[in-house]
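**Student:** With numbering that gives the first Met the number 0 as the guide, the letters of the sequence shown map in order to residues 0 to 283.
Ideal placement from N, C-alpha and C gives every residue a C-beta, glycine not left out.
Quick caveat, the model's predicted, so the values are computed rather than measured.
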Amino acid sequence: MLDALRPLALIPYPDIDPIIFSLGPLSVRWYGLAYIASLLLGWVYVKRLVRTERLWPHGRGPMTIAQVDDFLLWAVVGVVLGGRLGYVLFYEPMRYLSDPAAILQIWSGGMSFHGGALGTILAMILYSRRHGIPTWSMLDTVAAAVPIGLFFGRIANFINAELWGAPTNLPWAMIFPTDPEGLPRHPSQLYEAALEGIVLFLILRWLTHSRLMLKRPKFVGGAFVAGYGICRILVEFVRVPDAQLGYLLGGWLTMGMVLSLPMVIAGTWAMVTAKRPEARPVPA
Numbered sequence: 000m001l002d003a004l005r006p007l008a009l010i011p012y013p014d015i016d017p018i019i020f021s022l023g024p025l026s027v028r029w030y031g032l033a034y035i036a037s038l039l040l041g042w043v044y045v046k047r048l049v050r051t052e053r054l055w056p057h058g059r060g061p062m063t064i065a066q067v068d069d070f071l072l073w074a075v076v077g078v079v080l081g082g083r084l085g086y087v088l089f090y091e092p093m094r095y096l097s098d099p100a101a102i103l104q105i106w107s108g109g110m111s112f113h114g115g116a117l118g119t120i121l122a123m124i125l126y127s128r129r130h131g132i133p134t135w136s137m138l139d140t141v142a143a144a145v146p147i148g149l150f151f152g153r154i155a156n157f158i159n160a161e162l163w164g165a166p167t168n169l170p171w172a173m174i175f176p177t178d179p180e181g182l183p184r185h186p187s188q189l190y191e192a193a194l195e196g197i198v199l200f201l202i203l204r205w206l207t208h209s210r211l212m213l214k215r216p217k218f219v220g221g222a223f224v225a226g227y228g229i230c231r232i233l234v235e236f237v238r239v240p241d242a243q244l245g246y247l248l249g250g251w252l253t254m255g256m257v258l259s260l261p262m263v264i265a266g267t268w269a270m271v272t273a274k275r276p277e278a279r280p281v282p283a
């Protein structure tokens, strides 16, 4: 089977050590660095959006820079707590039901983007209501920065040689060292880094800076949610599902698709129902 699948040319997998360096029992991993870089760069980008007056109705952002700084901790809690609980509930509920203490062992792996997204959305709702910030505008602002984190997260998945794709004979196939079958596979992590990270970021950047869609609360957030759902569903067709779940139906339907379809629907609804900004009265 391996010979039948082997393409004319393979791109060698760059076998990068997931651990950057170790100091005694403490190890610094690329995956952890990706989380830190995602949060910090996203935080910087959100501050730039808020400062850019021309992007907002009446030239004023929905929150202050101090509030952006304050929300960073809320975002960290939402991403980590939501991501972990999402993985537990969506992907391995029976395992963690039999060993609840393992839920706290985040270092052993197991984070869900969909759970992290729900956790962050809940954090934004709570924070915006507590501080009198328009919730939809806050969701729009943060959503515009999320593809930065998705890009770094998928690159970290690639370095970890995890979440690889289905066997293929395409010339850019790779053999991952963690694959017990040793088959040439789609580098699906790189597909997701390109689609969910680069392409989605550029689309949202066009919406915020060229189309000025931050003046229509709910539109940019909806575009991100629907866009991510579409990108994730497309890549799921060439990505191997989690081993403990497998395909849910017909050898093609995955949990990633099931969780992403409601995002496409909800995001489309948000864009369609986003109100246009009210025209400012012309001085007499």
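1. Restricting to Cα atoms, I'd like to know which of T134, I64, L149 is closest to M110.
2. Do I132 and P61 have their beta-carbon atoms positioned less than 8 Å apart in this structure?
3. Buried or exposed for Y246, going by 16 or more other Cβ atoms inside 10 Å?
4. Quick one, which of A265, G228, E180, M262 has its alpha-carbon nearest V239's?
5. If you draw a straight line from the C-alpha of G58 to the C-alpha of E52, how long is it?
6. Is DSSP giving V239 helix, strand or coil here?
7. Per the contact definition of three or more C-beta pairs closer than 8 Å, is the segment 132-142 in contact with the segment 171-179?
8. Would you call the CB atoms of V224 and A269 closer than 8 Å?
9. Would you call the segment 152-164 and the segment 213-232 in contact, with 3 or more CB pairs under 8 Å?
10. Can you name, in chain order, every residue of its own chain whose Cβ lies under 7 Å from the Cβ of T285, other than the five neighbours on each side?
11. On the DSSP bridge assignment, give the partners of L25 in chain order.
12. Cβ atoms of F89 and G114: under 8 Å apart, would you say?
13. Excluding the 5 residues flanking L244 on each side, which residues of the same chain have their C-beta closer than 7 Å to its C-beta?
14. So, with DSSP's three-state summary, where would you put L88?
15. Given that a residue counts as buried once 16 or more other Cβ atoms are within 10 Å of its Cβ, and exposed if not, what is T63?
16. Apart from the five residues on each side of it in sequence, which residues of its chain come closer than 8 Å, Cβ to Cβ, to P176?
17. With DSSP as the reference, identify every bridge partner of P186, one or two as the case may be.
18. Let me make sure I understand the geometry here. Which of L194, G41, L84, T167 has the alpha-carbon closest to that of P183?
**Tutor:** In this structure, then:
1. For the purposes of this step, residue 110 is taken as the residue at position 111 of the sequence shown. Considering only alpha carbons, the answer is L149.
2. Within the sequence shown, residue 61 is the residue found at index 62, counting from 1. Within the sequence shown, residue 132 is the residue found at index 133, counting from 1. Yes; because the gap between Cβ atoms is below 8 Å, this pair is in contact.
3. Taking the sequence shown and counting its residues from 1, the one referred to as residue 246 is at position 247. By the 10 Å Cβ count, Y246 comes out exposed.
4. As a working mapping, residue 239 is identified with position 240 in the sequence shown. Minimum Cα distance to V239 is reached at E180.
5. The residue labelled residue 58 in the question sits at position 59 within the sequence shown. The residue labelled residue 52 in the question sits at position 53 within the sequence shown. Approximately 4 Å between the Cα atoms of the pair.
6. The residue you call residue 239 lines up with position 240 of the sequence shown. Note: V239 maps to coil in three-state DSSP.
7. no
8. Here residue 224 is taken as the residue at index 225 of the sequence shown, counted from 1. Here residue 269 is taken as the residue at index 270 of the sequence shown, counted from 1. It is a contact, given that the beta carbons lie within the stated cut-off.
9. no
10. Nothing about residue 285 can be reported from this structure: the residues present for the chain run from 0 to 283 only.
11. Here residue 25 refers to the residue found at position 26 when the sequence shown is read from its first residue. Residue pairing for L25: DSSP places it in a beta bridge opposite L22.
12. Along the sequence shown, one-based indexing puts residue 114 at 115. Along the sequence shown, one-based indexing puts residue 89 at 90. For G114 and F89, yes; Cβs fall inside 8 Å.
13. On the sequence shown, position 245 is the one that residue 244 refers to. Taken in chain order, the residues that qualify are Y90, M254.
14. In the sequence shown, the residue the question calls residue 88 occupies position 89. In the structure shown, L88 sits in a helix (DSSP, three-state: H, G or I).
15. Taking the sequence shown and counting its residues from 1, the one referred to as residue 63 is at position 64. Counting the other Cβ atoms within 10 Å of the Cβ of T63 gives fewer than 16, which makes it exposed.
16. As a first step, residue 176 is located in the sequence shown; it is residue number 177 there, counting from the start. Counting only Cβ-Cβ distances below 8 Å, and skipping sequence neighbours, we find Y12, D14, A160.
17. On the sequence shown, position 187 is the one that residue 186 refers to. In DSSP, P186 forms no bridge with anything.
18. Within the sequence shown, residue 183 is the residue found at index 184, counting from 1. Comparing Cα-Cα distances from P183 to each of L194, G41, L84, T167, the minimum goes to T167.
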